[in-house]
Ligand SMILES: NC(=O)c1ccc[n+]([C@@H]2O[C@H](COP(=O)([O-])OP(=O)(O)OC[C@H]3O[C@@H](n4cnc5c(N)ncnc54)[C@H](OP(=O)(O)O)[C@@H]3O)[C@@H](O)[C@H]2O)c1
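Numbering (this note's numbering), first residue to last: 20 to 274.
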C-alpha cells in the first residue's frame with residue numbers, strides 16, 4: 020500500500036536508529052517496497068551491511084544527539100538524495116534508572132537521545148516539509164510513556180514527553196500540510212529488549228512489529244501501537260486512579 024507505482028520516482032524515507040531492531044527491519048521492508056531509504060545511526064559498519072543487504076538503502080551515519088550534525092545531515096540528504104517524503108524518527112536507547120541508584124547524568128543521557136535527538140531531527144525535517152506543504156513524520160515513543168513504570172523513570176519520562184509533543188504538534192502540522200504520527204510499541208524482540216531480565220508480556224518478533232508499523236504508516240490513525248492487546252491494557256490502566264494504579268503496578272512488576 021505504501022509502495023510507488025513502477026513508473027514514478029521512488030519516494031524517499033529517512034529512518035533514524037536504522038542500524039538494528041525496529042529501524043533496521045523497517046528500512047529493509049521499505050526498501051523492498053521500492054522506497055529509497057536513507058538509514059541513520061552511529062554504527063557505520065551496521066549501516067553499510069544493511070545497504071549491502073538492501074541496495075535501495077543509503078547509509079547515512081549520524082548521532083542524533085549532535086544538533087548541528089543533524090541539521091547539516093537533513094540539508095545534505097535533501098540535496099544529494101532528494102526531498103524526504105517520510106521521516107521515521109526512531110533512534111532511542113534504554114537504561115534502567117531505579118530509585119535506589121538514581122543519577123541525573125543517566126536521565127540526561129536518555130533525554131539527549133530519546134527526546135532531544137528526536138526534537139533535533141524534527142526541526143529541519145519539519146521546516147523542509149513545511150516549505151513544500153507535504154511530507155510525513157512518524158515519531159517512535161513507547162507505551163512506557165503512558166504511565167510511570169518502576170525502574171523506567173528516565174526512559175518513561177522521555178517517551179511521555181514525545182507523546183505530549185506529538186499531541187501538541189499534530190493539529191498544527193495538519194494545517195501546515197504535514198502528516199504527523201505517533202508510534203507506541205510495546206515489547207518487541209530487538210537488541211534493546213534482549214537484556215531485559217523481567218517478563219515481557221505480549222513480546223512480539225520485530226517482523227510482526229514492522230507489519231503493524233507499515234500498515235499504520237499507510238493509514239490515517241494518529242497513533243500506531245503494537246501489539247494492540249498490550250497497548251489496550253496499558254491504555255485502560257491510564258484511566259485508573261493512583262490509589263488503584265500503584266498497588267496494581269507493584270503486584271505486576273514486583274516493585
Ligand atoms: N523494542 C521494544 O520493545 C521497544 C518498545 C517501545 C519502544 N521502543 C522504541 O523503538 C525505538 C527502536 O528501538 P529498538 O527496540 O529497535 O532498539 P535497538 O535495536 O537498540 O535500536 C536502537 C537504534 O537507535 C540507534 N541510536 C541509539 N542512540 C543513537 C544516537 N545517539 N544517534 C543515532 N542513533 C542512535 C541505534 O544505533 P547506533 O547504536 O548504531 O547509534 C539503533 O539503530 C526506540 O526509540 C525505542 O525506545 C522499542
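All residues carry an ideal CB built from backbone N, CA and C; glycine is no exception.
What is the DSSP secondary structure of residue 55, counted as helix, strand or coil? Locating residue 55 in the chain shown gives position 36, counting from the first residue. It is a strand residue.
Would residue 255 count as contacting chain C if we go by Cβ distances under 8 Å? No chain C is present in this structure, which holds just one protein chain.
Tell me the start and end of each unbroken beta strand (DSSP E) in the segment 53-114 that is at least 3 residues and wholly inside, in chain order. 55-59, 76-78, 105-108
Does the beta-carbon of residue 144, which I'm using as the reference point, lie nearer than 7 Å to any heavy atom of ligand 1? As a working mapping, residue 144 is identified with position 125 in the chain shown. Because no heavy atom of ligand 1 lies under 7 Å away, the Cβ of residue 144 does not count as near it: no.
Per DSSP, residue 245 forms a beta bridge with which residues? As a working note, residue 245 is residue 226 in the chain shown. DSSP lists 204 as partners of residue 245.
Residue 263 in three-state terms, based on DSSP: If you number the chain shown from 1, residue 263 lands on position 244. In the displayed model, residue 263 falls within a helix according to three-state DSSP.
Residue 197: buried (16+ other C-beta within 10 angstroms of its C-beta) or exposed? Mapped onto the chain shown, residue 197 falls at position 178. Its Cβ being crowded by 16 or more others within 10 Å, residue 197 is buried.
Please report the straight-line C-alpha distance between residue 145 and residue 119, rounded to a whole angstrom. As a position in the chain shown, residue 145 is number 126, starting the count at 1. As a position in the chain shown, residue 119 is number 100, starting the count at 1. Taking the straight line joining both Cα atoms gives about 40 Å.
With DSSP collapsed to three states, give me the class of residue 123. By 1-based counting over the chain shown, the position of residue 123 is 104. Under the three-state reduction of DSSP output, residue 123 falls in the helix class.
Who does residue 31 pair with in a DSSP beta bridge? For the purposes of this step, residue 31 is identified with residue 12 of the chain shown, where counting begins at 1. Beta-bridge pairing links residue 31 to 55.
Residue range of the unbroken alpha helix (DSSP H) whose run includes residue 146: Residue 146 sits at position 127 when you count from the first residue of the chain shown. Taken as a continuous stretch (DSSP letters only), the alpha helix (DSSP H) holding residue 146 covers 135-151.
Helix, strand or coil at residue 197 according to DSSP, with G and I counted as helix: Counting from one through the chain shown, the residue named residue 197 turns up at place 178. Looking at residue 197 - three-state DSSP - the assignment turns out to be coil, as it is neither helix nor strand.
Sorry if obvious, but does the Cβ on residue 113 come closer than 7 Å to a heavy atom of ligand 1? Stepping through the chain shown from its first residue, residue 113 is reached at position 94. Yes - ligand 1 has a heavy atom lying nearer than 7 Å to the Cβ of residue 113.
To which residues of the same chain is residue 276 closer than 7 Å at the C-beta, ignoring the five residues directly before and after it? Here the chain has residues from 20 to 274 only, and residue 276 is not among them.
Work out the CA separation of residue 168 and residue 155 for me, nearest whole Å. As a first step, residue 155 is located in the chain shown; it is residue number 136 there, counting from the start. As a first step, residue 168 is located in the chain shown; it is residue number 149 there, counting from the start. Their backbone Cα atoms lie some 31 Å apart in a straight line.
Excluding five sequence neighbours on each side, which residues of the same chain lie with their C-beta closer than 8 Å to the C-beta of residue 255? As a position in the chain shown, residue 255 is number 236, starting the count at 1. No residues qualify anywhere along the chain.
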